[in-house]
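Remarks on the structure that follows.
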Amino acid sequence: MMSCEPWQCAEIAATKKAHPINKPEVAVAMIKRAARPILVVGSNVTERSLEGKLLIDYIIDFARASNVKVVATAHMVAEFLKRGYEPADFMSAMDIGNRLVDPTWQGINGEGHPDLAMFVALPYYMESLILSGLKHFAPDLKTMTLDNLFHPHASWSFPNAPAKTWAENLTVMISKFKGEK
Amino acid sequence: MTNKGLRVKAKELKTDIALVKGLELSVGKVIDDTWEEPMGPTPMPHITTLRDWDLKLLNKYKPFYMPDCDLCCLCTYGKCDLTAGKRGACGLTIADQSSRIVLIACSIGAATHTGHARHVVDHLIEEYGRNHPLDIGGLNVDVEAPVTRLVTGIKPETLGDLDEVLTYCETQVTHLLSAAHTGQESNNLDFESKAFHAGRVDQVGMEVADIAQVSVFDFPKADPEAPLIEMGLGTIDNAKPVICCIGHNVVPSVGIIDYMKANKLDSKLEVVGLCCTAIDNSRYFDRAKIVGPISWELRVIRSGIVDVLVLDEQCVRTDCALEAERINAPVIAASEKNCVGYKNRTNDPVDEIVNDLVSRKVPGVLILDPEKVGEVAVRVAQKVMPMRKKQSSLPSEEEIIKLAKTCRHCNLCQRSCPQDLKIGPAMTAAAEGNLKPLTELYEECIGCGRCEEACPVKLEIHSFILKAGQKFMLQETNFCRAGRGAVQDIEIRSAGGPIVLGEIPGILAAVGCANYPHGGKDVYDICREFAKRRFIVMTSGCSAMSAGSYRNEEGQTLYEEFPGSFEAGGVLNVGSCVSNPHIAGAAIKVANIFAKRNLRGNYEEIADYIHNRVGAVGLAWGAYSQKAASIAAGFWSLGVPVLVGPHGSKYRRMLMGRSDKPENWEVYDARTGDTVNVGPAPEHLFQTVETPQEAMVSIAKLCIRPNDTWKGRSIKLSHYIDLHKRHYGRMPKDIHQFVRTMADVPMTMKDEIKDILDAKGWKETVIPDPTMLPRMIRSKKE
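Written as structure tokens, this is what we have:
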């Protein structure tokens with residue numbers, strides 16, 4: 001069942017909670033509306049397998065289709081390079097969080113501060129804390145998670161869902177972006 | 182040094198010029214000072230004395246807050262919603278509140294270590310007197326208390342001197358905690374500065390505790406060849422009565438071991454321990470066994486191996502006593518900080534207490550006399566063991582399969598698990614008779630038991646995991662080197678130069694708790710990687726245990742594979758939590774012994790020296806506690822970077838440098854007064870990393886210091902680049918920020934790096950005599 005409670009039960013938010021994304025098309029529309037979206041990809045991206053395909057392969061397809069710039073955290077840059085995809089940047093999860101709360105940061109390659117930061121595949125509690133930091137200290141930044149785990153500190157989050165639904169959502173998003181090319 | 186109060190009272194004093202009646206003259210202290218070193222500028226610093234230094238660091242490494250809670254509920258104005266810039270009823274913002282929580286955590290940590298030290302020192306003074314001399318390492322250790330000398334300006338020689346040092350710590354902790362009251366401190370950076378001060382005080386408190394116990398209990402004294410101690414559940418002789426001590430304070434355990442020795446029972450019983458008490462027991466008695474880190478408390482109790490459980494203080498699960506009841510093991514609470522609700526039997530006759538525990542008339546007792554704890558524990562263990570028959574509370578495999586069929590598949594177990602372990606599918610498999618998926622959870626489970634609390638049908642899921650992993654549990658037979666205590670002065674003389682010049686590429690201190698993201702092997706792998714690279718690897722506490730819990734291809738544990746001395750490629754276990762100041766102390770002694778900088782009350786200068794010259798990095802891969810926070814704060818304040826594993830993000834505040842802002846990386850060249858950009862070295866002061874691979878790359882990079890010689894920098898860069906290429910699959914993108922002259926570039930990488938430097942528009946710069954303190958500039962620019 002799809003649920004909009006925090007995946008890890010105690011990671012609750014107070015008065016400002018994420019809007020659930022009930023259809024992947026809505027997420028696609030919001031990403032398109034953003035001028036400088038980025039996607040922060042964490043170390044679980046090689047740990048999750050959806051319908052027989054690794055999450056990292058979905059993410060590469062998504063990034064190629066959408067042209068969203070990928071920031072790989074931890075040592076994930078190597079995993080992307082192994083698969084023939086060069087992320088726009090790589091840095092620690094804390095470094096990208098810390099840059100995003102700085103309104104003077106000029107973004108990846110100096111292309112301007114991102115207006116949408118998406119996250120996927122960090123350890124749930126780390127992602128939750130970074131999203132909390134952004135909620136409090138980067139009030140003009142919109143955040144979104146592409147996980148199948150609900151993140152109340154994001155601006156928008158997919159609800160908790162089984163891997164099959166997650167795979168379907170990602171596939172729809174990829175095809176929507178491809179269709180627009 | 183001794184400071185004594187002087188009071189002169191005279192009812193009537195007749196002199197040639199006057200008659201004085203009712204004279205009372207009181208002098209706070211008489212300084213009997215035989216220490217020749219001149220007093221530095223900041224002895225006994227108050228909470229704002231070193232504020233300027235703290236703010237220098239905090240300006241370079243700004244806090245990045247990730248609030249764990251949007252609310253403040255500390256006073257009755259609240260709850261206040263502080264979301265995104267709202268101020269609470271008292272006016273506080275979420276940044277202030279987040280830093281306030283950091284201060285509270287660090288103050289709790291400092292109070293805990295100081296309280297621990299107070300108990301140890303008071304007890305030892307009562308037993309051995311104030312004049313009992315301190316002996317940390319005989320002739321090999323002249324600088325016996327580097328942290329205490331540095332912070333307080335006191336050179337302690339006796340137990341009585343430590344009493345005075347602790348009075349200072351207690352005063353500071355009180356002021357620090359008071360600053361967290363509603364309506365006191367109001368600025369986040371000032372909260373942070375106070376947290377740094379808590380760290381300084383914490384280091385002093387810990388040092389006092391350890392040098393007192395090393396001196397009096399005759400622990401290994403700066404001994405690189407301290408004995409190897411058997412470690413793991415598999416090392417315990419089940420045929421003997423087993424006394425298990427959990428906590429951090431060795432005093433009650435000393436009572437147990439002394440009683441055993443006095444009654445020639447030391448080979449008849451097993452004394453085992455968890456957490457830092459285990460480490461310190463083994464420093465006192467090399468046949469004491471270390472079972473494992475803090476996270477194994479439920480594991481050990483539920484296994485049924487324990488006949489008597491002795492609880493002292495810190496990091497003791499609050500349900501240990503309830504768990505012990507389930508296996509019919511009597512409990513002795515031995516600390517006034519952890520009375521467990523038991524009746525205080527300290528003044529009752531031993532026979533009565535023993536009878537009450539053995540007959541199960543009472544499940545446990547509070548005894549605050551360590552000698553009595555010793556006698557009661559031993560006698561009860563002997564009597565209880567044949568009655569208990571090692572009764573376990575773990576289910577049989579058949580019971581697991583039967584009970585697993587009642588699982589409702591609600592998945593609350595996984596959603597409550599800090600590790601997000603896939604418990605649900607393992608339960609489904611168990612219901613079908615396949616326990617392998619449960620077995621696979623064993624290594625990564627941190628033993629918190631939250632899965633059981635969440636289960637709506639009250640399945641004892643943690644016990645299921647333990648039973649499924651029991652085979653591995655009983656095979657755990659490893660070695661941990663007993664905590665050696667301090668680093669010898671002669672070791673510093675020999676290694677200090679290569680460290681400061683960068684030829685020993687760094688010091689890795691693997692410290693702290695066992696809240697690991699994927700089991701303890703990551704700690705072993707990281708330590709071994711850096712020992713093989715001829716860094717100096719120092720360990721303490723639960724990390725010291727995890728480092729010794731795995732074996733190489735030859736079957737050796739880390740402590741068998743590498744020497745225990747402070748040298749390139751050495752792996753040194755300094756001891757328990759309170760031994761951590763020997764790590765900070767080694768860095769301080771490099772400044773003092775190698776560089777001949779005065780220590781006494783000279784904090785800023787020494788911290789400036791360490792920050793710019795000593796390539797040390799702390800790694801608390803499984804840090805969980807407030808004590809770990811204060812320990813880290815002690816290192817931050819010295820300018821030593823600390824990395825934590827993913828769960829460490831829950832400390833909710835990082836101290837991050839910005840490598841993309843060149844203006845943040847300027848120092849003075851003490852020779853000329855010129856401002857020199859030295860690059861992001863070290864880049865961060867407190868950072869969470871996600872994976873062990875990221876930790877390895879970060880450690881190598883964080884060892885880089887502005888003072889490195891070209892040879893040292895070249896060695897450090899070669900490790901950084903090598904690890905980066907191995908784990909990140911490419912050259913570091915920031916290499917140009919660490920090359921000052923072409924001589925810094927590792928010989929074999931010259932061509933590759935030159936191309937990168939050219940592409941980045943790199944320009945050669947000078948290697949300064951780096952300092953952040955204008956007063957250290959020897960020749961001012963005109």
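Sequences listed follow chains A and B, in order. If you're matching positions, the first sequence starts at 1 in this note's numbering and goes up one per residue. If you're matching positions, the second sequence starts at 182 in this note's numbering and goes up one per residue. Think of the CB as a built atom: it goes at the ideal place given N, C-alpha and C, for glycine as much as any other residue.
(message) Which of the three DSSP states is assigned to Tyr523 (chain B) in this structure?
(response) coil
(request) Using three-state DSSP, classify Pro567 (chain B) as helix, strand or coil. (result) helix
(message) If contacts are defined as beta-carbon pairs under 8 angstroms, then Gly687 (chain B) and Gly796 (chain B) qualify, I think. What distance do you get, rounded to the angstrom?
(response) 4 angstroms
(message) Using DSSP's beta-bridge definition, name the partner residues of Glu533 (chain B).
(response) Answer by DSSP bridge pairing: none, since Glu533 (chain B) is not bridged.
(message) Under DSSP, the beta strand (DSSP E) around Gly545 (chain B) begins and ends at which residues?
(response) 545-547
(message) Check whether chain A comes within 7 angstroms of Met566 (chain B), counting only Cβ atoms and requiring the distance to be less than that.
(response) no
(request) Spatial neighbours of Ala607 (chain B) within its chain, please: CB distance less than 7 angstroms, with the 5 preceding and 5 following residues excluded, ordered by chain position. (result) Pro618, Leu619, Leu622
(message) With H, G and I counted as helix, E and B as strand and the rest as coil, what does DSSP make of Val172 (chain A)?
(response) helix
(message) Tell me which residues share the same chain as Ala667 (chain B) and place their Cβ nearer than 7 angstroms to its Cβ, disregarding the 5 neighbours each side in the sequence.
(response) Ile317, Gly318, Val322, Ala403, His763, Gly766
(message) Counting C-beta neighbours from all protein chains within 10 Å, is the total for Glu504 (chain B) 16 or more, i.e. buried, or is it exposed?
(response) buried
(message) Quick check on this structure: which residue in B:Met654, B:Gly799, B:Asp344 has the alpha carbon closest to the alpha carbon of Phe716 (chain B)?
(response) B:Gly799
(message) Less than 7 angstroms between the C-beta atoms of Arg781 (chain B) and Gly221 (chain B), yes or no?
(response) yes
(message) Which same chain residues end up closer than 7 angstroms to Arg964 (chain B) when comparing Cβ atoms and leaving out the 5 residues on each side of it in sequence?
(response) In this structure chain B extends from 182 to 963, so residue 964 (chain B) is not present and cannot be described.
(message) Please tell me whether Gly910 (chain B) has its Cβ less than 7 angstroms away from any Cβ of chain A.
(response) yes
(request) Could you tell me whether the Cβ of Pro123 (chain A) comes closer than 7 angstroms to any Cβ of chain B? (result) yes
(request) Measure from the alpha carbon of Gly803 (chain B) to the alpha carbon of each residue in B:Ser279, B:Gly701, B:Asn779, then state which is nearest. (result) B:Gly701
(message) Just to confirm before moving on: does the CB-CB distance between Cys287 (chain B) and Ala810 (chain B) stay below 7 angstroms?
(response) yes
(message) Tell me the residue span of the beta strand (DSSP E) that contains Lys171 (chain B).
(response) The requested residue 171 (chain B) does not occur in the structure, where chain B is confined to residues 182 to 963.
(request) Per DSSP, which residues does Ile688 (chain B) bridge with? Please list them. (result) B:Ile717, B:Ala797
(message) Is Gln874 (chain B) close to chain A? Criterion is C-beta to C-beta, closer than 7 angstroms.
(response) yes
(message) So, for Gln8 (chain A): in the same chain, excluding its five sequence neighbours on each side, which residues have a beta-carbon less than 7 angstroms away from its beta-carbon?
(response) Tyr124, Tyr125
(message) Run through chain A and tell me which residues come within less than 8 angstroms of Glu871 (chain B), C-beta to C-beta.
(response) Gly42, Ser43, Thr73, Ala74, Ser92, Ala93, Leu122, Pro123, Met126
(message) Let me confirm a value: Met173 (chain A) is counted as buried when at least 16 other C-beta atoms fall within 10 Å, else exposed. Which label applies?
(response) buried
(message) Let's test the definition: count the other Cβ atoms within 10 Å of the Cβ of Gln656 (chain B) and tell me whether it reaches 16, buried, or not, exposed.
(response) exposed
(message) Quick check: the Cα distance between Met923 (chain B) and Thr264 (chain B), rounded to an integer number of angstroms?
(response) 50 angstroms
(request) Helix, strand or coil for Gly293 (chain B), going by three-state DSSP, please let me know. (result) One point to set straight first is that residue 293 (chain B) is Thr, not Gly, in the sequence displayed. In the structure shown, Thr293 (chain B) sits in a helix (DSSP, three-state: H, G or I).
(message) At the level of alpha carbons, what is the spacing between Pro927 (chain B) and Gly380 (chain B)?
(response) 37 angstroms
(message) Please tell me whether Lys164 (chain A) has its Cβ less than 7 angstroms away from any Cβ of chain B.
(response) no
(message) Distance cutoff 7 angstroms, beta carbons only. Does Ser476 (chain B) sit that close to anything in chain A?
(response) no
(message) Checking 7 angstroms against the spacing of the C-beta atoms, do Val497 (chain B) and Gly428 (chain B) come in under that value?
(response) yes
(request) Reducing DSSP to helix, strand and coil, say where Trp943 (chain B) ends up. (result) coil
(message) So if I threshold CB-CB distances at 7 angstroms, which residues from the region 126-150 of chain A count as touching chain B?
(response) Met126, Leu129, Ile130, Ser132, Gly133, Lys135, His136, Phe137, Pro139
(request) Would you verify that the beta carbon of Thr738 (chain B) is, or is not, closer than 7 angstroms to some beta carbon of chain A? (result) no
(request) For Asn509 (chain B), collect the residues of the same chain with a Cβ closer than 8 angstroms to its Cβ; drop the 5 residues on either side in sequence, then sort them by chain order. (result) Arg541, Val565, Met568, Arg569, Gln572
(message) Which residues does DSSP list as the beta-bridge partners of Glu451 (chain B)?
(response) B:Val423
(request) Could you tell me whether any non-hydrogen atom of the ligand SAH is closer than 6 angstroms to the CB of Val565 (chain B)? (result) As presented, the structure is devoid of all ligands, the ligand SAH included, so that no description of it is given.
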